[in-house]
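*Asks:*
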C-alpha cells in the first residue's frame, strides 16, 4: 500500500442544504456538516475534529443530535442507497455505533431524523413519493412501526419527538401537520386538521403538549394536544433606508395608470406575477427553536424574532428583533443581509443563539448582550468569518507567505491563512470570478473575471485593482515560479504577459478546444497546457513554439501536472486514467477504478502524487505510479474537486470543490510523521499599504497621541483636585471618629459599672433560689417514698386476684366444649332427614321437566317451519332490492371513477404545466446567460474577424507585389540563361584564378579565427570587470544601508532629545534625561572605531573605483582600435573579392 498519508486538518465551509445542520455538543463545541464530513468545532480554542462520512457517500441529507448529546445520527445516500449512521460522540475519535442500511419498506432518501427523549428510539421521515414515517429501536435495529405520512406526495420538512414522551411524534410539511402516537405496534394519528391546509415549514415543541408551527405566509400557530389554541401573523420588516426607497417607488408608481382587473389588457400571467410578488413579500418562517422563556423564529430574510410568554395562559408576545448585519465589503451591501435562515439552535445554557443561512454562513448572537438590555437594535455576528456560498473555481498559494487565494461563483475573492486558519482578506465584485493566482511574494493577486483580467494589490485591509487586461472569460491564469511572467487563458489561446512591463510577451496558439489547465516548469522555461480537445502541449517560452505534444481526441483533459525536473507530465481527464507522458509518448496509464479524476498535483520533492475525483474524494500515491490499486483514498468533499495545490514545503495539501468548501490536509509519511522541510525559512511579515493610507494613519496616530497627552494632563489635574478633596474629607472624618470614640469610651465605663451592680444582684438571687430548690427536693423525696410503699401493697393484692380468675375461666371453657359437642350431633341428625326429603322431591321435578321438554320440541318444530317459509319470502324480496341497489351503486361508482380520473388527470396536467413553466423559466434564465456569454464571444470573434480580414488584405497585397516581382525575375532569368551560356565558355580560364582566390580566403579565415580568439579574451576581461563593478555596487548598497541606519539613529536621538527638552523647567529630570541620552547614544571607543573604519573603507573604495575606471577606459580604447582594424580588414577583403571574383553561373 501507499505510504503517503493525508489527514484533514481544517475546513472552511458549510452545507446549508442538510436538514438540522447545526447543533450544540456542549456549551463550547458545535457540530455542523462541511464537505462530506461533520465537524466538531470549539468556539474558543478554534480547533476542529472531523466525523468522516461513509465510504462512497454521495452526500449528507439530515442530522439529529440525541437529547443526552451522546449520539449523532446522519442520513446519507451511499451508492444510491439510503443509509442512517449513528455515531457515539463521547468516544475519541467518534465511533460508529450502528448503521441502518437494510429496510423492509420502500425508501429513496431520509429527509429528517429525530431521537426520542431517552435516546433509545429513532424516527425518520422519507421523501416523496413514499413519504413513510419509520419508528426504530435503533440499538437493536428493530423497526417498531411504519406509517404513511402523506398520500398526495407533498414534501415533508421536519419530524420530531415529544420532549417528554417516547411515543408521540410530530411531522410538518406542505399541507401536513400530523401528530402520531405509538400504540400496540402501530403509529396512529391523534389529531385531525381543520380549516385550510397551510405550507408548514417548521415546528418546535414548547411543552409536552404544545407545538408552535410556522408557515410560508408568515403565520404562527400554537397547537395544544392537536387543537389550535393561538395564532398570529408576522409582517415583513424592512430597514429604514429600504422603507424610504419603497415610498419613493410608490410615489413614482402612482403617476402611472395600470389597467383594471376587468380590462382585456390584464392577462392571467400578470395576475399570477402579482400573486407571486405578494407571496414573496410575506416572510417565511423557515426555522423555530424553543427556549425556557419562549421561542425564536425566523421572520423572512435576515431577521429572527424572539417571543416570550405573556401573563395570559396561551399568549406569546414579540420581545426582540435580531438582524443579520450588512456586509460592507460586499458589492451590494443591501443584498448581503437578505439571507434565509435555514436552522437555529440555542446553547445548553441558552446564553448564545446560533443560526445558519442558505448562503452557507454561520452567525452567533449572545442572549445576555448589552444591546438587548439597552433596547437597541440587535445584530448577529459571524461565528468566525464569511464563507464561500457557491462553487469555488480558483485556488492558489504563494512561497513567501502562508496564504491561500480562492475565488468563487459567488463573485468573491478571499485570502486565507493556513497557519492560523483564518480569513485575512475578502472582497466581493459585480462579476463572477473564474480563476485566481497569487504572486510568489504574496503581495499581488491575479483574478480572471467574466469581463476582464485584473492584477490587484493585497493591501493590509483591502484588495485594490492595479491593472486591467482585456482578456475576457479567463478560466485559467497563473504566475510563473519567479513571478516575472504570468499566463492567462482566453478560450484556446494562452497569453503570456510580463509582470513588470505588463506587455504581451507571447501568444501560444495551437489548441482546438478550450484550455482547461496550465502549469509552469520549475525554471519557468516551459509551460504545460491541456484542453478539451484531448491535447497536452509542452511550450518553450524562449521560442514560443511547441516542444512536444500528445493528442488523444477521445479524452477531455481536466488537469495537468509536471515533475520537478520537467521531464515527466501527468495528465487526468474523462477517460478514467492517470497518464504519465514524456517526449510526446504516454509511458503508462494508471486506471482510476470507475472514478473520474478532475484535478492532480505533484509534490515539490517529486515523490508524491495527489488526485481529486468527481465524487469529492482525495487519493494519495507514491511515485513511480502504482499499476495496481495501491493508493489511500479519503472522504473530503461533497462535490467534484475543482482545484488542488500543495505548499512549497510539501507540508499541507489544499483542495477546493463545487460544494464551496476549502479543505486543508496535513501530509504525513507511513509512520505518521510530518515531512521534513529542507530549509527552515521563515515567512515574510511585510504587507502593502498605500501612501495616502499611511499618511492618514500617521496623522490619526499623532492626533491620538496629542489627545492622550491632553487627557493625561487633565487626569493628573483631576486626580490632584480629588486628592485634596479626599484629604479634607479624611480630616473631617478622623475628627468625627475621635469624638465618637471618646463618647463611646465614657458610655462603656458607665455600662461596666451597671454590669457589676447587676452581677451582685443576680448572685444573691441565685443563692436564695438554690436554697429553696434543695428544700423542695427533700420534701418530694419523703412523699414519693410513702407513695411507693402503698403502691407495692396494692400490686400484691392484684396478683392474688388474677390467679383466682384464671382457675374460674378454665372450668367454664371445659363446660362449653361439652355442650358444643352435644349440639353438633343433634344438628347432623336433623339435616340428614331433611336431605332425604329433598332428593325425593327433586326426582319428581325431573320427571315433569322431561315431559315439558318433549312438548316444547314439538311446538318448536312447528314454529321453525312457519318461520322458514316467511324468511324465504322476505329473502327473495330483499335480494331483488339488493340487486337493484348494487346495479345503481356500480353505475354511480363508474361515474365517480371517471370523474376521479378526470380530476387526477387535470391535477397532473396542472402540475406538469407548472413544472414545465418552472423548467422553461430556468431554461430561459440559462439561455439568457448563455446568450449573453455568446454575445460577448460574438463581439470578440467579430473583432478577431476584422483583424484577420485586415491581415488577409495585407497578405493579398503582398502576394500581388510578389507576382509582379516573379514576372520580372522570369524575364531576368531568360537574360541570365543567355549570359550563362556565354559565360560557360569563359569558365575554364577563370577556374585557375578561383583556386588561387580560395587559398587566399583560407589564409584570411585563419586570421579571422585569431581575431575571434582575441575578442573572446577581451569579453572575458570585460565580464571580470563587470563582476568587480557588481561587488563595488553591493558594497555601495551596504554603505547606503549603514547611512540609513545612522539617519534612523539620528531621528531617534532627535525624538529623545525633544522629549528631554520638555523637562527644561525641572532640572533634576533634565539632568537624568541627558545622562540617559549620554549612556544610550555616546560611547567613545565605538565612535573612534567607527570613524576610523569609515575613513579606511572610503579610501579603499575610492582607490578601487579609480583603478577600475582606468582599466575600463583602457579596454574601451583597445576595443575601439581593434574594431576599426577589423572593419578595415573586412573592407579590404570584400573589395578584393569583388574585383577578382566573378559570379558563378547556375546550371
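Numbering (our numbering), first residue to last: 2 to 1148. All residues carry an ideal CB built from backbone N, CA and C; glycine is no exception.
Name the two residues that bound the continuous alpha helix (DSSP H) containing residue 475.
*Replies:* Translated into the one-based positions of the chain shown, residue 475 becomes position 474. Element bounds for residue 475: n/a, residue is neither H nor E.
*Asks:* Among 69, 188, 177 and 917, whose alpha-carbon lies nearest the alpha-carbon of residue 214?
*Replies:* By one-based count along the chain shown, residue 214 stands at place 213. Taking only the C-alpha atoms, the option nearest residue 214 is 177.
*Asks:* Since residue 463 and residue 437 are thought to touch, with beta carbons under 8 Å apart, how far apart are those beta carbons, to the nearest angstrom?
*Replies:* As a position in the chain shown, residue 463 is number 462, starting the count at 1. As a position in the chain shown, residue 437 is number 436, starting the count at 1. Actually they do not touch by this definition, with Cβ atoms about 16 Å apart.
*Asks:* For residue 640, which residues of its own chain have a beta-carbon under 6 Å away from its beta-carbon, when the five flanking residues on both sides are left out?
*Replies:* If you number the chain shown from 1, residue 640 lands on position 639. Closer than 6 Å at Cβ, skipping near neighbours: 617, 658, 659 and 660.
*Asks:* When the Cβ atoms of the region 616-636 are set against those of the region 427-441, are three or more pairs found closer than 8 Å?
*Replies:* no
*Asks:* By a C-beta neighbour count over all protein chains shown, 10 Å radius and 16 as the cutoff for buried, is residue 477 buried or exposed?
*Replies:* For the purposes of this step, residue 477 is identified with residue 476 of the chain shown, where counting begins at 1. Residue 477 comes out buried.
*Asks:* Looking only at C-alpha atoms, which of 28, 556, 665 and 65 sits nearest to residue 352?
*Replies:* Mapped onto the chain shown, residue 352 falls at position 351. Comparing Cα positions, the closest option is 28.
*Asks:* Look at the alpha carbon of residue 144 and the alpha carbon of residue 101, and state the distance between them as a whole number of angstroms.
*Replies:* Along the chain shown, read from residue 1 onward, the residue named residue 144 stands at position 143. Along the chain shown, read from residue 1 onward, the residue named residue 101 stands at position 100. So the two alpha carbons sit approximately 10 Å from each other.
*Asks:* Just how far apart, CA to CA, sit residue 247 and residue 84?
*Replies:* Position 246 of the chain shown, counted from the start, is the residue given in the question as residue 247. Position 83 of the chain shown, counted from the start, is the residue given in the question as residue 84. Caution is warranted here: a pLDDT of 49 is assigned to residue 247, below 50, making its placement in the model unreliable, and the coordinate value is therefore given only provisionally. Straight-line Cα distance between these residues: approximately 49 Å.
*Asks:* Would you call the CB atoms of residue 170 and residue 124 closer than 8 Å?
*Replies:* The sequence position of residue 170 within the chain shown is 169, counting from 1. The sequence position of residue 124 within the chain shown is 123, counting from 1. If you check the CB distance, residue 170 and residue 124 come in under 8 Å.
*Asks:* Where does residue 441 sit, in a helix, a strand or coil, going by DSSP?
*Replies:* Stepping through the chain shown from its first residue, residue 441 is reached at position 440. The answer is coil: DSSP assigns residue 441 none of H, G, I, E or B.
*Asks:* Taking just the CA atoms, how far does residue 546 sit from residue 496?
*Replies:* Residue numbering aside, residue 496 sits at position 495 when the chain shown is read from its first letter. Residue numbering aside, residue 546 sits at position 545 when the chain shown is read from its first letter. Answer to the nearest angstrom: the Cα atoms are 13 Å apart.
*Asks:* Helix, strand or coil for residue 1039 per DSSP?
*Replies:* Here the question's residue 1039 lines up with position 1038 in the chain shown. DSSP places residue 1039 in helix when its eight states are reduced to three.
*Asks:* If we count Cβ pairs, one from each stretch, closer than 8 Å, do we get three or more for the region 896-909 versus the region 439-447?
*Replies:* no
*Asks:* Which residue spans inside the region 329-354 form an unbroken alpha helix (DSSP H) run of at least 4?
*Replies:* 334-337
*Asks:* DSSP on residue 493, reduced to helix/strand/coil?
*Replies:* For the purposes of this step, residue 493 is taken as the residue at position 492 of the chain shown. Residue 493 falls in the coil class under three-state DSSP.
*Asks:* Which residue from 703, 624, 486 and 737 puts its Cα closest to that of residue 506?
*Replies:* Residue numbering aside, residue 506 sits at position 505 when the chain shown is read from its first letter. The residue with the shortest Cα to Cα distance from residue 506 is 486.
*Asks:* Taking 8 Å as the limit between beta carbons, can you name the residues of its chain near residue 1078, skipping five residues before and five after?
*Replies:* Taking the chain shown and counting its residues from 1, the one referred to as residue 1078 is at position 1077. If we look at residue 1078 and ignore the five residues flanking it on each side, its Cβ neighbours are 1054, 1057, 1058 and 1061.
*Asks:* How would you call residue 537, buried or exposed, if buried means at least 16 neighbouring beta carbons within 10 angstroms?
*Replies:* On the chain shown, residue 537 is found 536 positions in, with the first residue counted as 1. Buried, because 16 or more other Cβ atoms sit within 10 Å of the Cβ of residue 537.
*Asks:* Spell out the partners DSSP gives residue 83 in its beta bridges.
*Replies:* Counting from one through the chain shown, the residue named residue 83 turns up at place 82. Paired residue(s): 78.
*Asks:* Rounded to whole angstroms, what is the Cα-Cα separation between residue 1004 and residue 958?
*Replies:* Translated into positions along the chain shown, residue 1004 becomes position 1003. Translated into positions along the chain shown, residue 958 becomes position 957. Spanning the two alpha carbons is a distance of roughly 48 Å.
*Asks:* Ordered along the chain, which non-local residues of its own chain (more than five positions away) have a Cβ less than 7 Å from that of residue 608?
*Replies:* Reading the chain shown from its first residue, position 607 is the one you call residue 608. Once the five neighbours on either side are set aside, the close Cβ partners of residue 608 are 623 and 624.
*Asks:* Per the DSSP calculation, residue 380 is bridged to which residue(s)?
*Replies:* The residue given as residue 380 occupies position 379 in the chain shown. Partner residues in the beta bridge of residue 380, as assigned by DSSP, are 324.
*Asks:* What would DSSP say about residue 465, mapped onto helix, strand or coil?
*Replies:* For the purposes of this step, residue 465 is identified with residue 464 of the chain shown, where counting begins at 1. Strand, per DSSP.
*Asks:* Whole angstroms is fine: what's the gap from residue 115's alpha carbon to residue 36's?
*Replies:* Counted from its first residue, the chain shown places residue 115 at position 114. Counted from its first residue, the chain shown places residue 36 at position 35. Rounded to whole angstroms, residue 115 to residue 36 spans 22 Å at the Cα level.
*Asks:* Ignoring anything shorter than 3 residues, give me the beta strand (DSSP E) runs that lie fully in the region 117-174, in order along the chain.
*Replies:* 122-127, 133-138, 143-149, 157-163 and 166-174
*Asks:* Out of 68, 845 and 934, which one is the CA nearest neighbour of residue 475?
*Replies:* Reading the chain shown from its first residue, position 474 is the one you call residue 475. Considering only alpha carbons, the answer is 934.
*Asks:* In three-state DSSP terms, what is residue 951?
*Replies:* Locating residue 951 in the chain shown gives position 950, counting from the first residue. If DSSP states are grouped into helix, strand and coil, residue 951 belongs with the helices.
*Asks:* Report back the beta-carbon spacing between residue 136 and residue 188 to the nearest angstrom; my notes put them in contact at under 8 Å.
*Replies:* For the purposes of this step, residue 136 is identified with residue 135 of the chain shown, where counting begins at 1. For the purposes of this step, residue 188 is identified with residue 187 of the chain shown, where counting begins at 1. Correct: roughly 6 Å between the Cβ atoms.
*Asks:* Quick one: using the 10 Å Cβ neighbour count with 16 as the cut-off for buried, is residue 5 buried or exposed?
*Replies:* Within the chain shown, numbered from 1, the residue matching residue 5 stands at position 4. The residue is buried, with at least 16 neighbouring Cβ atoms inside 10 Å.
*Asks:* Kindly list the residues whose CB is nearer than 6 Å to the CB of residue 174, restricted to its own chain and excluding five residues on each side of it in sequence; keep chain order.
*Replies:* Numbered from 1 along the chain shown, position 173 holds the residue referred to as residue 174. Here the set comprises 155, 156, 157 and 158.
*Asks:* Tell me which same chain residues have a C-beta within less than 8 Å of the C-beta of residue 72, skipping the five on either side of it?
*Replies:* To locate residue 72, count along the chain shown from 1; it is residue 71. Excluding sequence neighbours, residue 72 sits near 66, 87, 88, 89, 90, 98, 116 and 120.
*Asks:* Would you report the Cα separation of residue 652 and residue 669, rounded to the nearest angstrom?
*Replies:* Locating residue 652 in the chain shown gives position 651, counting from the first residue. Locating residue 669 in the chain shown gives position 668, counting from the first residue. Distance from the CA atom of residue 652 to the CA atom of residue 669, rounded to whole angstroms, is 8 Å.
*Asks:* Any chance the region 698-709 sits against the region 39-47, with 3 or more Cβ pairs inside 8 Å?
*Replies:* By the Cβ rule, the region 698-709 does not count as touching the region 39-47, because fewer than three pairs are nearer than 8 Å.
*Asks:* CA-CA distance, residue 770 and residue 777?
*Replies:* Reading the chain shown from its first residue, position 769 is the one you call residue 770. Reading the chain shown from its first residue, position 776 is the one you call residue 777. C-alpha separation (whole angstroms): 11 Å.
*Asks:* Closest by CA to residue 469, which one among 955, 928 and 489?
*Replies:* As a first step, residue 469 must be located in the chain shown, where it is residue number 468. Of the listed residues, the one whose Cα sits closest to residue 469 is 489.
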